[in-house]
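Its first residue numbered 0, the sequence shown is counted upward by one per residue in numbering that gives the first Met the number 0. Beta carbons: idealized from backbone N, C-alpha and C, even for Gly.
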Amino acid sequence: MQLSETELVQGCLNNDRSCQEMLYKKYSSSMFGICLGYAKDRDDAKDILQEGFIKIFGNLKNFKGGSLEGWIRRIITHTAIDFYRKKVRMQNTVDVEEVHDLAVDVSVLEELGAKDLLMLMRQLPEGAKLIFNLYIVEGYTHKEIAEMLGVTEGTSKSQFSRAKHLLQNLISKLHEERTVKPAVSGK
């Protein structure tokens, strides 16, 4: 049975287990992808997803309409931030006044798939990964990120710069491995 978004939300509010299951099935896959972007591994991503859906069902009464998926996404994102705060404290961050852009060879980026990029992002240190995701994926400003995480705007910029630098190195390393392997395997 296909329910409208309004009927689905109302069913969940009435504690209808089938509606709750439908809502979970409808959004869990895409939300898990978001969780993977913030987590260090699949287990942490599953924990974030589970905690996020507990919050979603607990706060569904506060949904005022609009994009349900966007509302769910915000809860998942904030759950990931809370998870990060509980698990890891930002250490060894340095405020910087200026962030320098790093260039990455466009041809190398064209060879990378989304899975490759996600795999590389998971290798970033927790603080850098969190800020990179909030800035690039979620579209928050450094000022907003600083307020959310309780850090300075300079720290947000510093961690973002660090993430870009580390990603550039990881991308270059992956590219080198892929271009060297065919020559080695031809022996």
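Cα-Cα separation, residue i to residue j
i: Leu-169; j: Leu-117; result: 12 Å
i: Lys-172; j: Leu-22; result: 41 Å
i: Leu-124; j: Gly-64; result: The question names Leu, but residue 124 is Pro in the sequence shown. Computed Cα separation, rounded: 36 Å.
i: Phe-62; j: Met-147; result: 21 Å
i: Leu-7; j: Asn-58; result: 14 Å
i: Gln-167; j: Cys-18; result: 44 Å
i: Ser-27; j: Arg-84; result: 23 Å
i: Glu-133; j: Phe-159; result: Note that residue 133 is Leu in the sequence shown, not Glu. Near 10 Å, if we compare the C-alpha coordinates of Phe-159 and Leu-133.
Three-state class that DSSP yields for residue i in the structure shown
i: Val-179; result: helix
i: Gly-65; result: coil
i: Glu-137; result: coil
i: Gln-1; result: coil
i: Ser-106; result: Low confidence applies to Ser-106: its pLDDT is 46, below 50, so where it sits in the model is not reliable, and the reading given next is rough at best. The answer is helix: DSSP assigns Ser-106 an H, G or I state.
i: Thr-151; result: coil
Per-residue burial, residue i [other beta carbons within 10 Å of its own, 16 or more giving buried]
i: His-141; result: buried
i: Ile-55; result: buried
i: Ser-155; result: buried
Element boundaries [alpha helix (DSSP H), containing residue i]
i: Gln-122; result: Note, Gln-122: premise wrong, no alpha helix (DSSP H); not H, not E.
i: Ala-44; result: 41-58
i: Gln-198; result: In this structure the chain extends from 0 to 186, so residue 198 is not present and cannot be described.
i: Gly-36; result: 16-37
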